[in-house]
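Protein chains in written order, with the working numbering: chain A, 8 to 265; chain B, 699 to 1067.
Below, the structure written as structure tokens:
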């Protein structure tokens, strides 16, 4: 695809939000991702699950080039990924990410965390950035903590700030990398509620999570990965009630069985 | 079987008990909280008094402070007249007496700027900081060196004393920190060329004694450059000192960079921030804060080692005092000279140390849990 087409493509709405073809990745000699093919439509919500080490985090981290892949292609919003840092940063501006360990900036207040990239990447004036930040903090119901530092908040609150921080950039896709795995049980719900609300607003979402309740409520498709490959891919009812692969059945019995 | 129990009323939070104790309470708790500790305390206090008293007697009680010649040394203790009589040259070196107001202005300006930056309450930090880094060195350069705007030129070989010590220390400190940060970042770079240049630079300068660096700067460098190009000797020493300490600084800063989790960089990447933005806005503010003790440690070592410039014939504070010792009118006052030099160095180094502790406490409170 030429440069002109790449840019023109991003404007049209009918092509897939994310297109991954024959993605292969190795860590040294270890083959972490094997022939991944995945197409995500605009507004689609996808939950990715699988045992640890199955490559699910690595896969979504390839989408914003936090991990480099060796073979295959990735296109986000019609823009094909390559090794050009300008192109990568262009894609990253469209893709929000939420991490397992929040990764808030501890030396900045909640508000500053949300404004930083707006000011330096989107070149917005501070007042406008703060207005946007407060809007999103309001939406994740944490606006009253805006002047605090991340260290003064609970895990659940920090994760909600992290979601607001990503949303402030008005991304078209949100990637969630085990957003609730580091949280105390009491705090998981407040984060999931925010994610469910986001899903209902039509955000394109890819969530690596083991919250099967969340998958049943909002996912359009559930993807099961093992040993670096996509084993099964189905709508939640089919996935949970009639899993076809033995590997999936075993996994589901292990996480749902207790 | 035991009955189960349950709470019907929650306990309210209460004030912590008062733990202030007064002087006698402090003494009892810390020095005399048992027979053995009491004995140890008494012995240590006695020992301290036994060692310190003769020194105090020599330095203060039996000492002479006022006067102008050797004849004024009448007491049996120290004769500080040796210092006060040559105080001007200790401060200004051989700087011509008529031009010393220029040094005074630079000193005063520097004191004001440093105080402004050091006191958190004062506003416009960014503007003042920028002026200190760019405007002030230019002003200081024109004022101290002269040769423009009708000011007579004062060559650097006439510089000396505390003025020279402070010049070398300030240039060394202000130059080595940014250079060290760049080197530390370069050493962690993924680009092989940048990385190896930084590694070689750091390992070379860190592996050579400072004295060697100074000798090379003063003796060998002129051999390599064409004869008609003349580098100022002080300038050569300054560059050598800056490079030498920037290598140390780089390793201190690298320690801080390594302590910052990978997640911070990734969060910055995911938001679309570029490399320099991530470093400048996210990584370095956290890393530098972590290594303040190491940075100040390096500053202090640098400050003290400025006195090594005396071996290439620059007359810093210590060298000026040593030169005074050879004055035939003042033979035999080396103890006073060295004690005074030590005191001056100690005051500067101790101030840096205290200020860094204050800054650490202040930065900590901002995001303490």
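Backbone N, C-alpha and C fix where the C-beta goes; we use that ideal spot for every residue, glycine too.
Residue 80 of chain A, enclosing alpha helix (DSSP H) - first and last residue = Mapped onto the first chain, residue 80 of chain A falls at position 73. Counting along the chain, residue 80 of chain A falls outside any alpha helix (DSSP H), though it belongs to the beta strand (DSSP E) covering 78 to 83.
What residues of chain A sit near residue 1058 of chain B, judged by a beta carbon separation below 7 Å?
-> As a working note, residue 1058 of chain B is residue 360 in the second chain. In chain order: nothing, as chain A lies at least about 14 Å away.
Can you list, in chain order, the residues of the stretch 961 to 973 of chain B whose Cβ is nearer than 7 Å to any Cβ on chain A?
-> 961, 962, 964, 965, 967, 968, 969, 970, 971, 972
With a threshold of 16 other CB atoms inside 10 Å of the CB of residue 1004 of chain B, please say whether the residue is buried or exposed.
-> Taking the first residue of the second chain as position 1, residue 1004 of chain B is located at position 306. That one is buried.
Quick one: Cα of residue 42 of chain A to Cα of residue 148 of chain A, how far?
-> Position 35 of the first chain, counted from the first residue, corresponds to residue 42 of chain A. Position 141 of the first chain, counted from the first residue, corresponds to residue 148 of chain A. Roughly 41 Å between the two C-alpha positions.
On a CA-only basis, which of B:788, B:768, B:1058 is nearest residue 989 of chain B? Give me that one, please.
-> Numbered from 1 along the second chain, position 291 holds the residue referred to as residue 989 of chain B. It is B:1058.
Alpha helix (DSSP H) segments (min. 4 residues) lying fully within the stretch 937 to 997 of chain B | 960 to 968, 973 to 976, 982 to 988
What does DSSP give as the partner residues of residue 771 of chain B in its beta bridges?
-> As a first step, residue 771 of chain B is located in the second chain; it is residue number 73 there, counting from the start. None; residue 771 of chain B has no bridge partner.
To which residues does DSSP link residue 1 of chain A through a beta bridge?
-> Nothing about residue 1 of chain A can be read from this structure; chain A reaches only from 8 to 265.
Ordered along the chain, which non-local residues of its own chain (more than five positions away) have a Cβ less than 7 Å from that of residue 827 of chain B?
-> Within the second chain, the letter at position 129 stands for residue 827 of chain B. Here the set comprises 815.
Min CB distance residue 880 of chain B to chain A below 7 Å | The residue you call residue 880 of chain B lines up with position 182 of the second chain. False, the Cβ-Cβ gap to chain A never drops below 7 Å.
Leaving out the 5 sequence neighbours to the left and right, which residues in its chain are closer than 6 Å to residue 197 of chain A when beta-carbon positions are compared?
-> Here residue 197 of chain A refers to the residue found at position 190 when the first chain is read from its first residue. Cβ neighbours of residue 197 of chain A beyond the five flanking positions: 163.
In terms of residue numbering, what span does the alpha helix (DSSP H) encompassing residue 68 of chain A cover?
-> Walking along the first chain from the start, residue 68 of chain A turns up at place 61. Run containing residue 68 of chain A: 63 to 70, per the alpha helix (DSSP H) assignment.
Under a CB-based cut-off of 7 Å, is residue 112 of chain A close to chain B?
-> Taking the first residue of the first chain as position 1, residue 112 of chain A is located at position 105. Yes, contact with chain B.
Between the C-alpha atoms of residue 945 of chain B and residue 904 of chain B, what's the straight-line distance to the nearest angstrom?
-> Here the question's residue 945 of chain B lines up with position 247 in the second chain. Here the question's residue 904 of chain B lines up with position 206 in the second chain. Computed Cα separation, rounded: 6 Å.
Could you list which residues in chain A have their beta carbon closer than 9 Å to that of residue 984 of chain B, in chain order?
-> Residue numbering aside, residue 984 of chain B sits at position 286 when the second chain is read from its first letter. Per Cβ cutoff of 9 Å: 112, 113, 114.
Determine, using beta carbons only, whether residue 65 of chain A and residue 74 of chain A come nearer to each other than 7 Å.
-> By 1-based counting over the first chain, the position of residue 65 of chain A is 58. By 1-based counting over the first chain, the position of residue 74 of chain A is 67. Result yes, Cβ atoms of residue 65 of chain A and residue 74 of chain A sit closer than 7 Å.
Between A:240, A:184, A:146, A:195, which lies nearest to residue 161 of chain A when the distance is taken from Cα to Cα?
-> In the first chain, counting from the first residue as 1, residue 161 of chain A sits at position 154. When each option's Cα is compared against that of residue 161 of chain A, the closest is A:195.
With 16 other CB atoms within 10 Å as the buried threshold, where does residue 889 of chain B fall?
-> As a first step, residue 889 of chain B must be located in the second chain, where it is residue number 191. So residue 889 of chain B counts as exposed.
Length of the line joining the Cα atoms of residue 715 of chain B and residue 725 of chain B | Here residue 715 of chain B corresponds to residue number 17 of the second chain, with the count starting at 1. Here residue 725 of chain B corresponds to residue number 27 of the second chain, with the count starting at 1. Looking at the two C-alpha atoms, the distance is approximately 20 Å.
Below 7 Å between beta carbons is the criterion; list the residues of the stretch 81 to 114 of chain A that meet it against any residue of chain B, in chain order.
-> 96, 99, 100, 104, 106, 108, 110, 112, 113, 114
Who does residue 859 of chain B pair with in a DSSP beta bridge?
-> On the second chain, residue 859 of chain B is found 161 positions in, with the first residue counted as 1. According to DSSP, which records beta bridges pairwise, residue 859 of chain B is partnered with B:1014.
Using alpha carbons as the reference points, say which of A:59, A:27, A:96 lies closest to residue 262 of chain A.
-> Stepping through the first chain from its first residue, residue 262 of chain A is reached at position 255. Of the listed residues, the one whose Cα sits closest to residue 262 of chain A is A:59.
Taking a Cβ distance cut-off of 7 Å, strictly less, list which residues of the stretch 124 to 144 of chain A are near chain B, in chain order.
-> 124, 127, 128
Mind reading off the beta-carbon distance from residue 103 of chain A to residue 182 of chain A? Whole number of angstroms is fine, and I expect it under 8 Å.
-> Numbered from its first residue, the first chain carries residue 103 of chain A at position 96. Numbered from its first residue, the first chain carries residue 182 of chain A at position 175. Confirmed, about 7 Å.
Which residues, in chain order, does the stretch 46 to 78 of chain A contribute to contact with chain B at a C-beta distance below 7 Å?
-> 71, 73
How about residue 886 of chain B and residue 897 of chain B: are their beta carbons less than 7 Å apart?
-> Position 188 of the second chain, counted from the first residue, corresponds to residue 886 of chain B. Position 199 of the second chain, counted from the first residue, corresponds to residue 897 of chain B. Against a cut-off of 7 Å, the Cβ pair of residue 897 of chain B and residue 886 of chain B comes out as no contact.
Compare the C-beta of residue 956 of chain B against all C-beta atoms of chain A and say whether one is closer than 7 Å.
-> The residue labelled residue 956 of chain B in the question sits at position 258 within the second chain. No, residue 956 of chain B does not count as interfacial toward chain A.
Is residue 106 of chain A helix, strand or coil when you go by DSSP?
-> Your numbering for residue 106 of chain A matches position 99 in the first chain. Residue 106 of chain A: coil per DSSP, three-state reduction.
Return the chain-ordered list of same chain residues with a C-beta closer than 6 Å to the C-beta of residue 57 of chain A, the five sequence neighbours on each side being excluded.
-> On the first chain, position 50 is the one that residue 57 of chain A refers to. So the qualifying residues of the chain are 63, 231, 232, 233.
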